[in-house]
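Per our numbering, the very first residue in the sequence shown carries number 3; after that it's consecutive. Built from N, CA and C at the ideal position, the CB exists for glycine as well. Okay, so here's the structure we're looking at.
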Amino acid sequence: TASLTLSLGNDTLFGVAYSTGYFLAAGVMENWRRSADGVNWDVVLPIGLHGQIISLASADGRFVAYSRDHLVFASADGISWKELPSGSGSTYHPTIVLPDGYVRFGLRGEVWHSPDGVSWTAAESVVTRRLGHSAGRAR
């Protein structure tokens, strides 16, 4: 069981993920934190990210961040980021990490699945109305 203690003041927290021995907490660009133990947090300044990050996930030894502008970024350390193909131009909810990959839902009910968080395939959706929220559990 993991326990986290983190204060970002009045800033919004967009996501927390764990990979390669670190927790990473994504706030606004100047307010990201990284911790090895979940208690003591250091400020990190992400390099290579742009746009407002709205979701953070991790799998396969890397962090994956998604921006409001439909951009996807990957990082091994949570500091240096590389932009990756996003696979969709739709507005979507935060990405959910599943045992067999990632899934994300568009605001209009679209569904995408990805084995790696980078290449996305549209999946059949039975949702015909606007989605309010999506939730999931990390693997």
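Residue i in three-state terms, based on DSSP
i      : result
Val113 : strand
Trp122 : coil
Ser82  : strand
Thr3   : Any reading at Thr3 needs caution, since the residue's pLDDT is 41, under 50, leaving its predicted position unreliable; the model's value is listed next. It is coil, neither helix nor strand.
Arg141 : Legend: pLDDT at Arg141 = 40, less than 50; position of this residue unreliable, no value from coordinates given.
Ser127 : coil
Leu58  : strand
Gly53  : coil
Opening and closing residue of the beta strand (DSSP E) in which residue i lies
i     : result
Ser37 : 34-37
Proximity of residue i and residue j at Cβ, strictly below 8 Å
i      : j     : result
Asp102 : Asp62 : no
Ser21  : Arg64 : yes
Leu73  : Phe16 : no
Ile55  : Ala78 : no
Ala67  : Trp83 : yes
Gly50  : Phe75 : yes
Residues that DSSP places opposite residue i in a beta bridge
i      : result
Asp44  : Arg36
Leu26  : Ala19, Arg36
Gly103 : Leu100
Ser77  : Phe65
Whole-angstrom C-beta distance between residue j and residue i, which should lie under 8 Å
i     : j     : result
Ile81 : Val46 : 5 Å
Gly53 : Arg35 : Rounded, the Cβ-Cβ distance is 19 Å, inconsistent with contact.
Any chain D beta carbon closer than 8 Å to residue i
i     : result
Arg64 : Protein chains in the displayed structure number just one, and chain D is not present.
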